[in-house]
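Below you'll find the structure, written out as structure tokens, and then a few comments.
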Amino acid sequence: MSSNRQDFRKRESPEMFDRIAPTYDLVNRLLSFGLDTAWRKKVGYLLPKADDLKLLDLATGTADLIIGLCETCPQISSAVGIDLSKNMLEVGQKKVDNRGWQSKIRLEAGDAMSLEWDDNLFEAVTMSFGIRNVPDAEKTLKEVYRVLKPAGKALILEFSIPSNIFIRLGHLFYLRHVLPMVGALFSGDYQAYRYLNTTIEHFPYGDDFTKLMTEAGFSFVNIHPLTFGVATLYEGIR
Ligand SMILES: C[S@@+](CC[C@H](N)C(=O)[O-])C[C@H]1O[C@@H](n2cnc3c(N)ncnc32)[C@H](O)[C@@H]1O
Numbered sequence: 006m007s008s009n010r011q012d013f014r015k016r017e018s019p020e021m022f023d024r025i026a027p028t029y030d031l032v033n034r035l036l037s038f039g040l041d042t043a044w045r046k047k048v049g050y051l052l053p054k055a056d057d058l059k060l061l062d063l064a065t066g067t068a069d070l071i072i073g074l075c076e077t078c079p080q081i082s083s084a085v086g087i088d089l090s091k092n093m094l095e096v097g098q099k100k101v102d103n104r105g106w107q108s109k110i111r112l113e114a115g116d117a118m119s120l121e122w123d124d125n126l127f128e129a130v131t132m133s134f135g136i137r138n139v140p141d142a143e144k145t146l147k148e149v150y151r152v153l154k155p156a157g158k159a160l161i162l163e164f165s166i167p168s169n170i171f172i173r174l175g176h177l178f179y180l181r182h183v184l185p186m187v188g189a190l191f192s193g194d195y196q197a198y199r200y201l202n203t204t205i206e207h208f209p210y211g212d213d214f215t216k217l218m219t220e221a222g223f224s225f226v227n228i229h230p231l232t233f234g235v236a237t238l239y240e241g242i243r
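Take this note's numbering: the last position of the sequence shown gets the number 243, and nothing is skipped along the way.
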């Protein structure tokens with residue numbers, strides 16, 4: 006990735022998410038027509054089934070993924086979510102408290118590119134719509150690999166671009182023209198949703214992203230395109 010793009014993300018990302026945190030969940034549901042909830046559920050289906058699963062969720066944001074996983078996957082014994090945006094974490098913490106998950110879920114400030122944990126600690130590491138936002142995806146994937154136990158699983162959900170030409174053209178029109186307008190209308194922040202479509206179009210997906218996972222050390226890397234490839238779930242084993 007070019008250093009310009011990395012610098013841009015480093016400067017913009019957490020502050021931008023601080024700004025849009027109060028409306029983040031609502032705008033997500035609207036812009037994805039509710040599909041983001043189904044995409045997150047798919048992460049749960051692919052979590053390892055063994056009991057006493059310790060989960061780390063990176064760029065946890067408003068905690069939708071980590072809460073959804075704890076609600077549907079009883080094998081999770083403890084879950085920790087980290088993020089750099091204080092306001093996103095605050096929204097997430099309220100949801101964790103309201104739903105009574107405080108004993109299982111811990112949210113804290115932390116950088117996905119530099120994890121505070123020792124090697125070999127978690128059975129699963131998840132990240133939804135986060136890897137595109139970190140300044141160095143390769144470094145983050147190496148950190149994920151490091152903190153996973155041997156045979157542990159990484160599940161990374163991210164936007165992608167559909168391969169079918171007609172669906173792709175329609176989707177690009179939506180990304181470039183509809184999404185920034187609707188995002189701006191409900192969040193009051195046009196810039197944030199312009200950033201969203203720009204990063205989606207430029208971030209590696211499909212085979213290019215699996216290459217990054219393989220280079221970080223992962224084996225059995227699998228791609229699961231969702232909704233014609235509008236999003237993709239990647240899984241890899243340490
Ligand atoms: C699009 S949101 C995704 C939030 C959540 N995972 C979801 O599925 O809705 C991206 C999140 O990445 C966080 N983020 C950006 N850079 C980060 C970093 N280096 N470490 C941890 N979180 C980061 C942002 O603060 C933001 O909350």
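Think of the CB as a built atom: it goes at the ideal place given N, C-alpha and C, for glycine as much as any other residue. The structure displayed is predicted, hence computed values, not measured ones.
| According to the Cβ coordinates, are TYR150 and ALA221 closer than 8 Å? | Locating residue 150 in the sequence shown gives position 145, counting from the first residue. Locating residue 221 in the sequence shown gives position 216, counting from the first residue. Contact: yes.
| said: Run through the DSSP bridge pairs and tell me what THR237 is partnered with. | reply: To locate residue 237, count along the sequence shown from 1; it is residue 232. Paired residue(s): GLU163, PRO230.
| task | List the whole-angstrom C-beta distance separating GLY105 from ALA68, where the pair is believed to meet the contact cut-off of C-beta under 8 Å. | result | Here residue 105 refers to the residue found at position 100 of the sequence shown. Here residue 68 refers to the residue found at position 63 of the sequence shown. With 8 Å as the limit, GLY105 and ALA68 do not qualify as a contact, their Cβ atoms being about 13 Å apart.
| Which residue comes first and which comes last in the beta strand (DSSP E) that contains PHE127? | Numbered from 1 along the sequence shown, position 122 holds the residue referred to as residue 127. Counting along the chain, the beta strand (DSSP E) containing PHE127 begins and ends at 127-133.
| said: At the level of alpha carbons, what is the spacing between ILE172 and PHE233? | reply: Position 167 of the sequence shown, counted from the start, is the residue given in the question as residue 172. Position 228 of the sequence shown, counted from the start, is the residue given in the question as residue 233. In a straight line, the C-alpha of ILE172 is about 8 Å away from that of PHE233.
| field | Residue closest to LEU146, alpha-carbon to alpha-carbon, out of ASP41, MET118, ASN125, SER133 | value | Counting from 1 along the sequence shown, the entry for residue 146 is found at position 141. Answer by Cα proximity: MET118.
| request: With a floor of 3 residues, list each beta strand (DSSP E) that falls wholly inside the segment 57-145, ordered by position along the chain. | output: 58-63, 81-88, 110-114, 127-133
| said: For the alpha helix (DSSP H) containing HIS182, name the first residue and the last one. | reply: In the sequence shown, residue 182 corresponds to position 177, counting from 1. Taken as a continuous stretch (DSSP letters only), HIS182 belongs to no alpha helix (DSSP H), as it is neither H nor E.
| Start-to-end residues for the alpha helix (DSSP H) that takes in LYS47 | Translated into the one-based positions of the sequence shown, residue 47 becomes position 42. Note, LYS47: alpha helix (DSSP H), 40-50.
| request: Figure out for me which residue from ALA156, GLY86, THR77 has the closest Cα to the Cα of LEU63. | output: Sequence index remark: in the sequence shown, residue 63 carries index 58 (1-based). It is GLY86 whose Cα lies nearest to the Cα of LEU63.
| Beta-carbon gap between GLU240 and LYS158 smaller than 8 Å | Along the sequence shown, read from residue 1 onward, the residue named residue 240 stands at position 235. Along the sequence shown, read from residue 1 onward, the residue named residue 158 stands at position 153. In this structure, LYS158 lies closer than 8 Å to GLU240 by Cβ.
| said: Does the beta-carbon of PRO155, which I'm using as the reference point, lie nearer than 7 Å to any heavy atom of ligand 1? | reply: Sequence index remark: in the sequence shown, residue 155 carries index 150 (1-based). Outside the cutoff, so no.
| CB-CB length for PRO155 against ASN125, believed under 8 Å | Here residue 155 is taken as the residue at index 150 of the sequence shown, counted from 1. Here residue 125 is taken as the residue at index 120 of the sequence shown, counted from 1. The Cβ separation is near 7 Å, so the contact holds.
| task | With distances taken Cα to Cα, identify the nearest neighbour of ASN227 among ARG111, LEU70, ILE205, ILE161. | result | Sequence index remark: in the sequence shown, residue 227 carries index 222 (1-based). Looking at the Cα atoms, ILE161 is the closest of the given residues.
| Of all the options THR28, ILE71, MET186, ALA197, which has the alpha carbon lying nearest to the alpha carbon of VAL101? | Position 96 of the sequence shown, counted from the start, is the residue given in the question as residue 101. Cα-wise, what sits closest to VAL101 is ILE71.
| Is the number of C-beta pairs between the segment 20-35 and the segment 45-62 that are closer than 8 Å three or more? | no
| message | Quick check: is any heavy atom of ligand 1 less than 7 Å from the C-beta of GLY135? | response | Stepping through the sequence shown from its first residue, residue 135 is reached at position 130. Checking every heavy atom of ligand 1 against the Cβ of GLY135, one is found closer than 7 Å.
| query | Say the cut is 7 Å; is the CB of SER18 nearer than that to a heavy atom of ligand 1? | reply | In the sequence shown, the residue the question calls residue 18 occupies position 13. True, at least one ligand heavy atom lies under 7 Å from that Cβ.
| query | Between the segment 128-135 and the segment 51-61, are three or more C-beta pairs nearer than 8 Å? | reply | yes
| task | Drop a sphere of 10 angstroms on the beta-carbon of LEU31, count the other beta-carbons inside from all chains shown, and report buried for 16 or more, exposed for fewer. | result | Taking the first residue of the sequence shown as 1, we reach residue 31 at position 26. So LEU31 ends up on the exposed side.
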